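Below is one structure; the comments refer to it alone.
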Ligand code: COA
Ligand code: MG
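Numbering (our numbering), first residue to last: 361 to 648.
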């Protein structure tokens, strides 16, 4: 999943626009983009939308968090619509995933759907506890959990802190830490790692730089808040012709059977070969 576009569920125009925006996935939002008194309306609008949806992007729904008092109402409304999955915000630790997993089991049975069908993406850095307990996710199989994304704004709010960024746009160290925890957690679990949103949505160059940095660091995709960000993110997460050509040259350099070789005056060993193969794989190309 390269691009995941957030779409407020209570906006007919945004829902309409989202259908053909080219995102790999839509996260129709029932949480922070919807005011409390509009949640019932947002659930109704989501239901109408999902029933008539003909778009190619996967349909996901961001539900409210476990402590909100809204989650059960969300799940009762959302699960029968059979979205690909739900995005669960503000988790505090692995038990939240297990509790929501049981709720999903029940809602799926009630809706006559196969148990386990609804997948989970979690926003895994919005509370101090979640960041500190990232490692506790390891060692227990949770087949619903196919990816995690990180967020800085809610973490900052939960810490009583100010803007999570320096004036020049760089993340402050706490949020770099949370980002790294998310990245390590996702790779340790072998699931998708989704970078947080780039909020300056009228700045495509900034979004491009942020997306390229995320891919370079090992994220597999990035969240978007505006349709204009979707093509920028999709392109940034697609290997370029030059990168593919270089990966092919690296693979060719190992054809002699040696474990360490030289290319353009630089030493290459097995990690370089693996990275080159991963690059071709992520571009949907066969290895030699
Ligand atoms: N999904 C789908 N369509 C969107 C969209 C989104 N996230 N954001 C904007 N659009 C649509 C608008 O409706 C408009 O189409 P229209 O003219 O047919 O109505 C078009 O794209 C251009 O929008 P624009 O005028 O540039 O932006 P805006 O001022 O209407 O909205 C935001 C700006 C930030 C409020 C809006 O992008 C948004 O709501 N983003 C998502 C917020 C969110 O979900 N936050 C929670 C997750 S972090
Ligand atoms: Mg939020």
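Here a beta-carbon is modelled for each residue, glycine too, at the ideal position from N, C-alpha and C. These numbers were taken from a predicted model, which means no experiment stands behind them.
Could you give the residue range of the beta strand (DSSP E) that holds residue 575?
Counted from its first residue, the chain shown places residue 575 at position 215. Careful: residue 575 lies outside any beta strand (DSSP E), inside the alpha helix (DSSP H) at 564 to 577.
Taking any heavy atom of ligand 2 as the mark, which residues have a C-beta closer than 5 Å to it, listed down the chain?
Residues flagged by the Cβ proximity filter: 392 and 514.
Which same chain residues end up closer than 7 Å to residue 627 when comparing Cβ atoms and leaving out the 5 residues on each side of it in sequence?
Numbered from 1 along the chain shown, position 267 holds the residue referred to as residue 627. Counting only Cβ-Cβ distances below 7 Å, and skipping sequence neighbours, we find 620.
Under DSSP, the beta strand (DSSP E) around residue 483 begins and ends at which residues?
Taking the chain shown and counting its residues from 1, one reaches residue 483 at position 123. Element bounds for residue 483: 479 to 483.
Determine the contact status of residue 480 and residue 459, defining contact as a CB-CB distance below 8 Å.
For this step, residue 480 is matched to residue 120 along the chain shown. For this step, residue 459 is matched to residue 99 along the chain shown. No, the pair does not count as a contact, with Cβ atoms beyond the cut-off.
Can you give me the start and stop residues for the alpha helix (DSSP H) that residue 412 sits inside?
Mapped onto the chain shown, residue 412 falls at position 52. 399 to 412 is the span of the alpha helix (DSSP H), which, as asked, contains residue 412.
If you measure between the beta carbons of residue 410 and residue 439, is that distance less than 8 Å?
The count along the chain shown starts at 1 and reaches residue 410 at position 50. The count along the chain shown starts at 1 and reaches residue 439 at position 79. Against a cut-off of 8 Å, the Cβ pair of residue 439 and residue 410 comes out as no contact.
Leaving out the 5 sequence neighbours to the left and right, which residues in its chain are closer than 7 Å to residue 368 when beta-carbon positions are compared?
Here residue 368 corresponds to residue number 8 of the chain shown, with the count starting at 1. Excluding positions up to five away in sequence, the list reads 374, 389, 393 and 394.
Can you give me the Cβ contacts of residue 638 inside the same chain, cut-off strictly under 8 Å, excluding the 5 residues immediately before and after it?
For the purposes of this step, residue 638 is taken as residue 278 along the chain shown, with counting starting at 1. Closer than 8 Å at the Cβ level, and outside the excluded window around residue 638, lies no residue.
What residue does the beta strand (DSSP E) around residue 627 start on, and which one ends it?
On the chain shown, position 267 is the one that residue 627 refers to. From DSSP, the beta strand (DSSP E) with residue 627 extends over 626 to 628.
What is the DSSP secondary structure of residue 634, reduced to helix, strand or coil?
As a position in the chain shown, residue 634 is number 274, starting the count at 1. Correct three-state label for residue 634: helix.
Mind the definition here: the stretch 473 to 492 touches the stretch 438 to 455 only if three or more C-beta pairs lie below 8 Å; say whether that holds.
Segments in contact, yes.
Determine the contact status of residue 577 and residue 543, defining contact as a CB-CB distance below 8 Å.
To locate residue 577, count along the chain shown from 1; it is residue 217. To locate residue 543, count along the chain shown from 1; it is residue 183. The answer is yes: Cβ separation under 8 Å.
For residue 365, which of 593, 521, 630 and 629 has the nearest alpha-carbon?
Here residue 365 is taken as the residue at index 5 of the chain shown, counted from 1. Looking at the Cα atoms, 593 is the closest of the given residues.
Nearer than 7 Å: is that true of the beta carbon of residue 503 relative to any heavy atom of ligand 1?
Position 143 of the chain shown holds residue 503. Answer for residue 503: no, Cβ out of range of ligand 1.
With respect to 7 Å, is the separation between the Cβ of residue 694 and the closest non-hydrogen atom of ligand 1 below this value?
There is no way to answer for residue 694, as the model of the chain reaches only from 361 to 648.
Here's a check: name, in chain order, each residue in its chain whose Cβ is nearer than 6 Å to the Cβ of residue 567, leaving out the five neighbours to either side.
If you number the chain shown from 1, residue 567 lands on position 207. Correct list, in chain order: 558, 589 and 592.
Does the stretch 592 to 606 come close enough to the stretch 639 to 646 to have 3 or more Cβ pairs within less than 8 Å?
With the cut-off at 8 Å, the stretch 592 to 606 and the stretch 639 to 646 touch.
On the three-state DSSP scale, how would you describe residue 648?
Mapped onto the chain shown, residue 648 falls at position 288. Residue placement at residue 648 is flagged as unreliable, the pLDDT there being 47, under the threshold of 50; the coordinate-derived value follows with that caveat. Of the three classes helix, strand and coil, the one that applies to residue 648 here is coil, per DSSP.
Enumerated in chain order, which unbroken segments of the alpha helix (DSSP H) with a length of 4 residues or greater are wholly contained in the stretch 406 to 482?
Taking only runs of at least 4 residues, the alpha helix (DSSP H) segments lying wholly in the stretch 406 to 482 are 431 to 438 and 454 to 471.
Once you ignore the five residues that flank residue 371 on each side, which residues in its own chain have a CB closer than 6 Å to its CB?
Position 11 of the chain shown, counting from 1, holds the residue named residue 371. Cβ neighbours of residue 371 beyond the five flanking positions: none.
Tell me whether residue 585 counts as near ligand 1, meaning its Cβ is closer than 7 Å to at least one heavy atom of that ligand.
Within the chain shown, numbered from 1, the residue matching residue 585 stands at position 225. Within the cutoff, so yes.
Distance, Cα to Cα, residue 472 vs residue 462?
Position 112 of the chain shown holds residue 472. Position 102 of the chain shown holds residue 462. Cα to Cα, the separation comes out at about 15 Å.
Helix, strand or coil: which one does DSSP assign to residue 602?
Position 242 of the chain shown, counting from 1, holds the residue named residue 602. Of the three classes helix, strand and coil, the one that applies to residue 602 here is helix, per DSSP.
Can you tell me whether residue 561 sits near ligand 1, meaning its C-beta is under 7 Å from at least one heavy atom of the ligand?
Within the chain shown, numbered from 1, the residue matching residue 561 stands at position 201. At least one heavy atom of ligand 1 is nearer than 7 Å to the Cβ of residue 561, so yes.
Using a Cβ-Cβ cut-off of 6 Å (strictly less than) and excluding sequence neighbours within five positions of residue 465, which residues of its own chain qualify?
Within the chain shown, the letter at position 105 stands for residue 465. Excluding residues within five positions, the ones whose Cβ falls inside 6 Å are 475.
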